[in-house]
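Residue numbers for the sequence shown follow numbering that gives the first Met the number 0, so the first one is 0 and each next one is one higher.
Backbone N, C-alpha and C fix where the C-beta goes; we use that ideal spot for every residue, glycine too.
What follows is one structure encoded as structure tokens, with my remarks underneath.
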Amino acid sequence: MRLAGGDTTRSERLLISVAVLGEVAPGEAVLRSGARPGDLLYTSGTLGEAELALDQLPRREKLGRTANPALRKHLYPQPRLALGRWLAEKRLASAMMDLSDGLSSDLPRLCAASGVGATIDSNSLPISPLTGRSRALRLALHGGDDYELLFTVRPGKATLLPPRFHGVQLTRIGKITRARKILLQDSYGGSTPLGPGGWDPFRT
């Protein structure tokens, strides 16, 4: 058979996976490969809350509708389809992808496709207010299943971005660099390499 897609894993139990395919007009897709040095790096929404919910699930007897924003985001994810379509139609995003495996794992994929690197400002990350800062920062960097958008914007177009789109926060978290490495900048101006720590189904 022909194997397609990245949703490939292994398990001792029977799993049913559903895939939805679509198409886009030639030249209209925003790819991972369009980022250039100097582009500004943005993300939508809050990062890390879906991963935070994993710690809460074993303690809950019922998994019905919930007012807890972390559980709601994990159980009923809302991919940012309208935002992605708007960014593409307005030609604001130079590169774009979803954050399903965590920022530290997905950003290197965008950078590799574009042949660039990136610097992330740790103080600018949209972390969750539902836990302490240290844990919230770790979850924002490495937590998966957020399904937010990671995208880059040319500096001259940044003023065209609203602070929110249909209630979803848009946050500048860093910039694209020429050096092919991912750096995390701290509160004191120092920076350290950021390795991939998000979801990897084959990590042992």
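Can you look up residue i in the DSSP assignment and give me helix, strand or coil?
i	result
Thr-158	helix
Glu-88	helix
Lys-72	helix
Ser-186	coil
Ala-117	strand
Leu-30	coil
Leu-204	Coverage of the chain is limited to positions 0 through 203, which leaves residue 204 absent and any answer about it impossible.
Which residue comes first and which comes last in the alpha helix (DSSP H) that contains residue i?
i	result
Glu-50	48 to 55
Ala-111	102 to 113
Cutting at 6 Å between CB atoms, please list the residues of its own chain near residue i, excluding the five before and the five after it.
i	result
Asp-145	Leu-46, Ala-49 and Leu-98
Pro-76	Tyr-146
Between which residues of its own chain and residue i is the CB-CB distance below 7 Å, once the five residues before and five after are set aside?
i	result
Leu-183	Ile-119, Ser-121, Ser-190, Thr-191 and Leu-193
Val-152	Asp-38, Leu-39, Tyr-41, Leu-91, Ala-92, Ser-93 and Leu-160
Leu-70	Ala-52 and Gln-55
Gly-83	Met-95 and Leu-148
Ile-172	Leu-40, Tyr-41, Thr-42, Ile-119, Asp-120, Ser-123 and Leu-124
In its own chain, which residues sit with a C-beta less than 8 Å from the C-beta of residue i, not counting the 5 before and 5 after it?
i	result
Pro-154	Gly-37, Asp-38 and Leu-39
Leu-86	Val-29, Ala-92, Met-95, Leu-148 and Phe-150
Asp-105	Met-96, Asp-97, Leu-98, Ser-99, Leu-149 and Gly-197
Arg-177	Pro-36, Val-115 and Gly-116
Can you tell me where the beta strand (DSSP E) with residue i in it begins and where it stops?
i	result
Leu-20	Neither: Leu-20 is in no beta strand (DSSP E) and is coded neither H nor E.
Ser-99	Careful: Ser-99 lies outside any beta strand (DSSP E) and carries neither H nor E.
Leu-169	167 to 176
Thr-42	39 to 43
By the 10 Å Cβ neighbour count, where 16 or more other Cβ atoms means buried, how is residue i classified, buried or exposed?
i	result
Thr-8	exposed
Gly-143	buried
Ser-127	buried
Leu-51	buried
Val-19	exposed
Lys-89	exposed
Practice task
Quick one: which unbroken beta strand (DSSP E) runs of 3-plus residues sit fully inside the stretch 124 to 156? Chain order, please.
Solution key: 147 to 152
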